[in-house]
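Going by the numbering used here, the sequence shown opens with residue 12, and the numbers climb by one from there.
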Amino acid sequence: MAQNKFRLIKEDEKTCARLGQLRTAHGVVNTPIFMPVGTRATVKTCSPRDLIEMGVEIILGNTYHLYLRPGHQVIQRAGGLHKFMGWKKPILTDSGGFQVFSLGERRKITESGVEFQSGIDGSKHMISPERAIEIQNALGADVIMAFDECPAHTTDREYIENSMKMTLRWAKRCKETHKNANQLLFGIVQGGFFNDLRKESVERTVEIGFPGYAIGGLSVGEEKELMYQTTAYTAPLLPKEKPRYLMGVGTPQDLIYSVSCGIDMFDCVMPTRNARNGTLFTSFGTVKIRNAKYRSDFTPLDPNCNCYTCQNFTSAYLRHLDSENEMLGHRLKTVHNLYFYISLMRGIRQSIKIGTFSKLKNDILMLFQTGQNRSVADSS
Numbered sequence: 012m013a014q015n016k017f018r019l020i021k022e023d024e025k026t027c028a029r030l031g032q033l034r035t036a037h038g039v040v041n042t043p044i045f046m047p048v049g050t051r052a053t054v055k056t057c058s059p060r061d062l063i064e065m066g067v068e069i070i071l072g073n074t075y076h077l078y079l080r081p082g083h084q085v086i087q088r089a090g091g092l093h094k095f096m097g098w099k100k101p102i103l104t105d106s107g108g109f110q111v112f113s114l115g116e117r118r119k120i121t122e123s124g125v126e127f128q129s130g131i132d133g134s135k136h137m138i139s140p141e142r143a144i145e146i147q148n149a150l151g152a153d154v155i156m157a158f159d160e161c162p163a164h165t166t167d168r169e170y171i172e173n174s175m176k177m178t179l180r181w182a183k184r185c186k187e188t189h190k191n192a193n194q195l196l197f198g199i200v201q202g203g204f205f206n207d208l209r210k211e212s213v214e215r216t217v218e219i220g221f222p223g224y225a226i227g228g229l230s231v232g233e234e235k236e237l238m239y240q241t242t243a244y245t246a247p248l249l250p251k252e253k254p255r256y257l258m259g260v261g262t263p264q265d266l267i268y269s270v271s272c273g274i275d276m277f278d279c280v281m282p283t284r285n286a287r288n289g290t291l292f293t294s295f296g297t298v299k300i301r302n303a304k305y306r307s308d309f310t311p312l313d314p315n316c317n318c319y320t321c322q323n324f325t326s327a328y329l330r331h332l333d334s335e336n337e338m339l340g341h342r343l344k345t346v347h348n349l350y351f352y353i354s355l356m357r358g359i360r361q362s363i364k365i366g367t368f369s370k371l372k373n374d375i376l377m378l379f380q381t382g383q384n385r386s387v388a389d390s391s
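What follows is the structure, encoded as structure tokens:
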């Protein structure tokens, strides 16, 4: 199995932030990186050309949804997920674990795996660690994830510990099943918000051995400070020479804080989902485009932004499209938010390179906590 695909280029002197590169079968990914979420083989409202023009280097696909529809066999016959969706750069697929465990009473967990009922047609299915790898092998993503259990953040310690240990057993089964050297299989660390369980999970997952490691079980409804504390504790325990992926996170302040803890990879639906709901990220804070004050605002949404939306349309037009629920509005808002995230990560990488990351971190945290009129572009 392919190993040592990650190159650590530089570490920040004042924080644990890292600059690196991950080599995959479909190209190099510069880290720290944000991965737009393409749940059903599409980043909602955006074409692959849109994503390329934004500077997107890698996207995420969802194994659970693609397994149910159109089916991994269909995608395999199409030549894999890259050809199916017309995307030539790297793809990461999650194992489907989070979605399965979110089904509540419609799923049953055993040592073998998870039995669940489809939310589409009520049909019954079973995903085991072996099955999760087989599905992801068929999809053909560059980076695939081990099958894990993601307990609710309110679960008691005994359940969290037993779940973590089962995730470890599942990780071994995933590694034994995975045979495709062109796909990097990442292990997932669990353990809830108990430091000793996180430490044990890290140590035993590293013993199994993977080319990359993810921190799972965060950003699932817990208090923000608890998520930050767990990230800050867990990230430095992971191997320095391997990429570190924080799953399902998050806001601009989440990203910058987690980078300072040593995280390299992120994914989240926030920029795309928020865009469709009229919440936009700018260099002077968060904008609610549905606010009446934008009805006659004939200036760009963000004068500091070089995205297609800001270079060609006004806030008033975006508000109009949003109020009419026009498809173009959803696309333009999504293009802007994703461009903001991609530019933010590019700025983070540059700041680590030139030694100004701490200043950028402070500026971003202040900007999105207070909404002060401070340009992100001026901070890097």
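All C-beta atoms in this analysis are idealised placements derived from N, C-alpha and C, irrespective of residue type, glycine included.
What are the boundary residues of the alpha helix (DSSP H) that includes residue i?
i: Gln-87; result: 83-88
i: Cys-321; result: 319-323
i: His-93; result: 92-96
i: Pro-250; result: Looking at the DSSP string, Pro-250 is not in any alpha helix (DSSP H), and its letter there is neither H nor E.
i: Ala-303; result: Note, Ala-303: premise wrong, no alpha helix (DSSP H); not H, not E.
i: Val-217; result: 206-219
i: Asp-43; result: With the sequence shown as reference, residue 43 is identified as Pro, and Asp is not the correct amino acid for it. Note, Pro-43: premise wrong, no alpha helix (DSSP H); not H, not E.
i: Ile-69; result: Counting along the chain, Ile-69 falls outside any alpha helix (DSSP H), and DSSP gives it neither H nor E.
i: Met-281; result: 281-287
Give me the Cβ distance between residue i and residue j, rounded to the nearest whole Å; I'm assuming they're in contact under 8 Å.
i: Leu-195; j: Val-154; result: 5 Å
i: Leu-150; j: Gly-91; result: 7 Å
i: Gly-108; j: Glu-145; result: Incorrect: roughly 15 Å between the Cβ atoms, too far for contact.
i: Ser-115; j: Ile-138; result: The sequence as given places Gly at residue 115; Ser does not occur at that position. Going by Cβ atoms, the distance from Gly-115 to Ile-138 rounds to 16 Å, so no, they are not a contact pair.
i: Gly-31; j: Leu-19; result: 5 Å
Who are the near neighbours of residue i in its chain, counting only those whose CB is closer than 8 Å to its CB and skipping five residues on each side?
i: Tyr-170; result: Pro-162
i: Asp-308; result: Thr-325, Ser-326, Ala-327 and Arg-330
i: Gln-264; result: Ile-375, Leu-376, Phe-379 and Gln-380
i: Val-280; result: Val-48 and Thr-50
i: Ala-36; result: Pro-101, Asp-153, Asn-193 and Gln-194
Quick check on the DSSP output: the beta strand (DSSP E) that includes residue i runs from which residue to which?
i: Gly-31; result: 29-35
i: Glu-187; result: Premise fails: Glu-187 lies in the alpha helix (DSSP H), 168-188, not in any beta strand (DSSP E).
i: Glu-140; result: Strictly speaking, residue 140 in this sequence is Pro, with Glu absent from that position. It is not in any beta strand (DSSP E) - Pro-140 instead sits in the alpha helix (DSSP H) that spans 140-150.
i: Phe-197; result: 195-200
i: Glu-126; result: 125-128
i: Val-346; result: No beta strand (DSSP E) holds Val-346; the alpha helix (DSSP H) holding it covers 338-365.
Within a Cβ cutoff of 7 Å, which residues of the same chain sit near residue i, ignoring the five residues on either side of it in sequence?
i: Lys-253; result: Phe-17, Pro-222, Gly-223 and Tyr-224
i: Phe-205; result: Arg-168 and Ile-171
i: Asp-208; result: Checking the displayed sequence, the identity of residue 208 turns out to be Leu instead of Asp. Around Leu-208: Ile-171, Glu-172, Met-175 and Gly-202.
When you compare only the Cα positions, how much space is there between residue i and residue j?
i: Ala-52; j: Asn-73; result: 8 Å
i: Ser-212; j: Asn-173; result: 11 Å
i: Leu-355; j: Gln-84; result: 37 Å
i: Ile-363; j: Asp-23; result: 6 Å
i: Trp-6; j: Glu-68; result: This structure gives no information on residue 6, because the portion of the chain shown stretches from 12 to 391.
i: Val-111; j: Gly-227; result: 14 Å
i: His-8; j: Ser-334; result: Here the chain has residues from 12 to 391 only, and residue 8 is not among them.
i: Pro-59; j: Tyr-75; result: 22 Å
i: Gly-232; j: Asn-285; result: 17 Å
i: Lys-210; j: Leu-249; result: 9 Å
Between the beta-carbon of residue i and the beta-carbon of residue j, is there less than 8 Å?
i: Gly-261; j: Ser-294; result: no
i: Asp-278; j: Arg-255; result: no
i: Met-46; j: Tyr-350; result: no
i: Pro-43; j: Val-200; result: no
i: Met-177; j: Glu-218; result: no
i: His-341; j: Cys-321; result: no
i: Gly-289; j: Arg-301; result: yes
Can you name, in chain order, every residue of its own chain whose Cβ lies under 6 Å from the Cβ of residue i, other than the five neighbours on each side?
i: Met-96; result: Ala-52
i: Thr-104; result: Gly-72, Thr-74, Gln-147, Leu-150, Ala-152 and Ile-155
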